[in-house]
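Written below as structure tokens is the structure these notes are about.
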Amino acid sequence: MTGSTWVLWWKDAQGTASLGLLQERLLRGLRANLQGRWSMDTKLFHSPHNFVEQQNIKLPSENIRRAESRGTASDQSMYLVVRGQGASRRQFYVMASNRMVVETEPEMESVVLRLKNLWTPRQAARIEGYSYEGDDWVIRTGNLMVGTSYKGLVIEINYLPCSNPEQTRGLMRELLLMILPPDAQVDANNGVDYRRAGLDPKRMTDCHTAYQYVHLFTQSSLL
């Protein structure tokens, strides 16, 4: 994936009805093409140890000064974000109070699951829906389940020509207004601090997208 991405949460969405509403507005209103089904998984692991101290990780002084817990994130939690299936599967780990994000090989998950004395699975979130493509954008929409509980709908907007989020947010907001009901209760997932995880705030990558998901889930106490 390239370009700039914005992940947000439609909190009061009504399941299949809301997913169908978005599909109609995307296909008829924006003349999008339906790419197919889309899904994404996020898993929370917990450790009895402080991850930063345990691994003797040296964080930049700026991160240390800003190391306060944000939402449900802590130095004892780790989030696994899995995108795609089969050969296109990619996975990212976000840890240390959201101060680290790394992409790993798929085999890493089985390694973590074997380290039961270090990391214990706690909760899991799954998003299932559809992916749509326009001339220079991709929009993914899906129902969010945390465990067995329905938690609304997630929208991911990917604007392909530009990777600087500061230059694309206005355009993506216009796309969002075209497909959402005017009274929708939306968490815009603001305040994502990419510098906190050592990521370039002006050039997005897939690590940035994974980081946005974890920021949304922790700030909203979904995971």
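First residue of the sequence shown? That's 6 in this note's numbering, and the numbers climb one at a time after it. Cβ coordinates follow ideal geometry from the N, Cα and C atoms, glycine included.
Open item on the list: Count Cβ pairs between the stretch 123-139 and the stretch 35-53 that sit closer than 8 Å; are there 3 or more?
Closed with: By the criterion of at least three beta-carbon pairs nearer than 8 Å, the stretch 123-139 is in contact with the stretch 35-53.
- [ ] Check whether the Cβ atoms of residue 31 and residue 144 sit closer than 8 Å, and answer yes or no.
- [x] Taking the sequence shown and counting its residues from 1, one reaches residue 31 at position 26. Taking the sequence shown and counting its residues from 1, one reaches residue 144 at position 139. The answer is yes: Cβ separation under 8 Å.
Task: DSSP beta-bridge partners of residue 14 - done: By 1-based counting over the sequence shown, the position of residue 14 is 9. For residue 14, which the question treats as bridged, DSSP gives the partners 159 and 192.
- [ ] Could you tell me which residues DSSP pairs with residue 24 in its beta bridges?
- [x] Against the sequence shown, residue 24 aligns to sequence position 19. Under DSSP, residue 24 takes part in no beta bridge, so it has no partner.
Task: Whole-angstrom C-beta distance between residue 215 and residue 86, which should lie under 8 Å - done: In the sequence shown, the residue the question calls residue 86 occupies position 81. In the sequence shown, the residue the question calls residue 215 occupies position 210. 4 Å between Cβ atoms; contact.
Task: Span of the alpha helix (DSSP H) around residue 107 - done: Residue numbering aside, residue 107 sits at position 102 when the sequence shown is read from its first letter. Annotation: residue 107 is outside any alpha helix (DSSP H); the continuous beta strand (DSSP E) that includes it extends over 105-109.
TODO: Could you tell me which residues DSSP pairs with residue 136 in its beta bridges?
DONE: Sequence index remark: in the sequence shown, residue 136 carries index 131 (1-based). 41 and 145.
Open item on the list: I want to know whether the stretch 205-213 touches the stretch 44-51 - three or more CB-CB distances under 8 Å.
Closed with: By the Cβ test, the stretch 205-213 is not in contact with the stretch 44-51, since fewer than three Cβ pairs between them sit closer than 8 Å.
Task: Reduced DSSP secondary structure (H/G/I, E/B, other) of residue 209 - done: By 1-based counting over the sequence shown, the position of residue 209 is 204. Three-state result, residue 209: coil.
Task: Residues near residue 11 by beta carbon distance below 6 Å, same chain, minus five either side - done: Locating residue 11 in the sequence shown gives position 6, counting from the first residue. 162 and 177.
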